[in-house]
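Chemist:
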Amino acid sequence: MKFVKKSPWILHYDGSSCNGCDIEVLACLTPLYDVERFGIINTGNPKHADILLITGSVNEQNIPVVKQLYEQMAEPKVVAAIGICATSGGIFAECYNVVGGVDKVLPVDVYVPGCAARPEAIIDGVVKALAILEEKSKDARKKTGK
Amino acid sequence: MGNRTIVPFGPQHPVLPEPIHLDLVLEDERVVEAIPRIGYIHRGLEKLVEKKDFQQYTFVAERICGICSFMHGMGYCMTIESIMQIEIPERAKFLRTIWAELSRMHSHILWLGLLADAFGFESLFMQSWKIREQILDIFEETTGGRVIFSVCDIGGVRKDISAETLQKIVGILEQVDKELKELTEVFLKDTSVKSRTKGVGVLSKQAAFDLGAVGPMAKASGVELDMRTQGYAAYGKLKFAPIIDTKGDCYARTKVRIKEIFQSIDLIKQCVELIPEGEIKVKVTGNPSGEYFTQIEQPRGEVVYYAKGNGSKFLDRMRVRTPTFANVPALLETLKGCSLADVPILILTIDPCISCTER
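Chains as they are written, first to last, in this note's numbering: chain A, 2 to 147; chain B, 537 to 895.
This is the structure:
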């Protein structure tokens, strides 16, 4: 974890999941898994967040919400799709109101499959997202010359 | 009269794990009216019966909600079993009851944590979820899954629990019991917690009845409404009485839920003593033809399942009336006249499960 220059904060949004992945994301923050030891905090404010965790697939109703959250986040930012619904639609892919995975609307960097995704897998996904975040901020620094 | 302001609440809000939108009409700090808007996580599950056959649909039913996943699967299976007139083995009924009560415990402890988080008591949230992990460990050991276990099937259950494991569960529950007593003491006796919950969001017995509130929301207002008394699964053979309170405020609802956790521990212990030996599943032949209503008691209250079969593999119609949906009118009633700072607590007090509500 040496490469992490700052403590990444996460923003969690429930697309149209069944809650299973949501409570597993929350479970990551609690004593047994405790991602706070990596400096990761769950924030409610998109302007403070570096990593956007989306659980569940997107539908017509929440596409504007998801897009707005993503646009409000400051660069560099990373999107992680948690659970099979966010990855591809999963068991609900055939439902009339489900558009599909989150990658239909946002550029997704990390996919964490599983129904429900286990906390270990989510933490692994977030750690992978950290590496991408660092890469992105390096690129940004190169561009601005700072 | 002050100026009216509209404050949007949600769909993305720090206290809400799930999206629901409320337009709060405020007069100074008081809420005069709350206008809800739902539909952010509607998937259209009920129509999926046309694409998945009635046995595959068990998996879909379990994914209506990830918190009371087992109960949804059980309710759906019970409906289909009633239509097809399948009598499931006694052991399967007891196993279902054990898992259902464990689900209730994990759901209520989860809710206690979220409530603590809503009034900013972070360490209490952490402590609640720490205790909850022990129950998830039981699930993982007996079924293989932490939140969604796909163990309920039409005709019985897929996995058996050995006698040693049952004894082990009782041992774990005794430990959990001890830790919970310490934890719930804080919820019931701590002054700062009481100042946020006592007298907040009072729902009268008449209002609870008129608005069709269910579960702890109704029970805390004095309406005796517990579907378990109908004796489905193994509940008919167990000794228990619905937990009632009369105050109808947030404190009473917390108290009802806390008492229900301890009641669940007691029910599981009774099940372990009474569970008979034998088969866990019967073979299912044919397709469902006919219709049936099932009511079961979920952590959040009464849930109603309706299924209609036409003799083919695919059901004609499947309908679920979930407890949170029934509690939303009661929530809007309690929101009227409350202060803006109490809104998060009041929303959490119905134990909202939006993915159930919208399916």
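The C-beta atom is built at its ideal place from N, Cα and C for all residues, glycine as well.
(1) Thinking C-alpha only, which one of B:E658, B:A570, B:S643 is nearest F675 (chain B)?
(2) Just verifying my parser: in three-state terms, what is the DSSP assignment at N846 (chain B)?
(3) Taking C-alpha atoms, which residue in A:G40, A:G101, A:S89, A:V127 lies nearest to V111 (chain A)?
(4) What is the DSSP secondary structure of M763 (chain B), reduced to helix, strand or coil?
(5) Taking 7 Å as the CB-CB limit, is V879 (chain B) close to chain A?
(6) Which residue or residues does DSSP assign as beta-bridge partners of P544 (chain B)?
(7) Count the other C-beta atoms from every protein chain shown that fall within 10 angstroms of the C-beta of V585 (chain B), then say buried if there are 16 or more, exposed otherwise.
(8) Measure the C-alpha to C-alpha separation of Q548 (chain B) and A122 (chain A) and round it to an integer number of angstroms.
(9) Can you give me the C-alpha to C-alpha distance between K896 (chain B) and G691 (chain B), rounded to a whole angstrom?
(10) Are C688 (chain B) and C601 (chain B) close, meaning C-beta to C-beta below 7 Å?
(11) Suppose contacts are defined by Cβ-Cβ distances below 7 Å. Is I816 (chain B) in contact with R640 (chain B) by that definition?
(12) Whole angstroms is fine: what's the gap from A770 (chain B)'s alpha carbon to G737 (chain B)'s?
(13) Where I92 (chain A) and M607 (chain B) are concerned, what is the direct C-alpha to C-alpha distance, given to the nearest angstrom?
(14) From which residue to which residue does the alpha helix (DSSP H) around G826 (chain B) run?
(15) Any heavy atom of the ligand FMN within a distance shorter than 6 Å of the CB on L53 (chain A)?
(16) Let me check understanding here. Comparing Cα to Cα, which of B:I571, B:W665, B:L650, B:F595 lies closest to R694 (chain B)?
(17) Terminal residues of the continuous alpha helix (DSSP H) containing D110 (chain A)?
(18) Determine the burial state of K791 (chain B): buried for a count of at least 16 other Cβ atoms within 10 Å of its Cβ, exposed for fewer.
(19) In the DSSP assignment, find the unbroken alpha helix (DSSP H) run with E135 (chain A) in it and report its ends.
(20) Count the other CB atoms within 10 Å of the CB of L810 (chain B); is the residue buried (16 or more) or exposed (fewer)?
(21) Counting contacts by CB-CB distance shorter than 7 Å, is V100 (chain A) in contact with chain E?
(22) Does L62 (chain A) have its Cβ less than 7 Å from a Cβ in chain B?
(23) Given V840 (chain B), which residues of its chain have a CB within under 6 Å of its CB, disregarding the five upstream and five downstream residues?
(24) Quick check on DSSP: helix, strand or coil for M2 (chain A)?
(25) Step through the CB atoms of chain A and report whether any lies within less than 7 Å of the CB of K587 (chain B).
(26) Just checking my contact of G847 (chain B) with M620 (chain B) at CB under 8 Å: how many whole Å lie between their CB atoms?
(27) From what residue to what residue does the alpha helix (DSSP H) around L803 (chain B) run?
(28) Roughly how many angstroms lie between the CA atoms of G45 (chain A) and P550 (chain B), to the nearest whole one?
(29) Tell me, please, whether the CB atom of R694 (chain B) is closer than 7 Å to any CB atom in chain A?
(30) State the DSSP-derived secondary structure class of A81 (chain A), mapped to helix, strand or coil.
(31) Please list, in chain order, all residues of the same chain as S89 (chain A) whose beta carbon is under 6 Å from its beta carbon, the five residues on each side excluded.
(32) From the DSSP secondary-structure annotation, give me the bridge partner or partners of L54 (chain A).
(33) Ignore the nearest five residues each way along the sequence and tell me which others in G649 (chain B)'s own chain have a CB closer than 6 Å to its CB.
(34) How many Å lie between I520 (chain B) and V80 (chain A) at the Cα?
(35) Which residue comes first and which comes last in the beta strand (DSSP E) that contains M151 (chain A)?
Modeler: In this structure, then:
(1) B:S643
(2) strand
(3) A:V127
(4) helix
(5) no
(6) B:D559
(7) buried
(8) 24 Å
(9) Past the boundaries of the shown model lies residue 896 (chain B); chain B is included only from 537 to 895, so the question cannot be answered.
(10) no
(11) no
(12) 35 Å
(13) 19 Å
(14) It is not in any alpha helix (DSSP H) - G826 (chain B) instead sits in the beta strand (DSSP E) that spans 825-834.
(15) The model on display carries no ligand, and the ligand FMN is accordingly not part of it.
(16) B:F595
(17) Element bounds for D110 (chain A): n/a, residue is neither H nor E.
(18) buried
(19) 120-145
(20) exposed
(21) Of the protein chains in the structure, A and B, none is chain E.
(22) In the sequence on display, residue 62 (chain A) carries Gln and not Leu. At least one chain B Cβ lies under 7 Å of Q62 (chain A).
(23) Q831, R857
(24) Below a pLDDT of 50, predicted positions are generally treated as unreliable, and M2 (chain A), at 47, falls in that range; the measurement from the model is reported next regardless. It is coil, neither helix nor strand.
(25) yes
(26) With a Cβ gap of about 11 Å, G847 (chain B) and M620 (chain B) do not count as contacting.
(27) 786-810
(28) 4 Å
(29) no
(30) strand
(31) G102
(32) A:H13, A:A81
(33) F661, S664, W665
(34) Any answer about residue 520 (chain B) is impossible in this case: the structure gives chain B only from 537 up to 895.
(35) Chain A is shown only over 2 to 147; residue 151 (chain A) falls outside these bounds and no answer can be derived.
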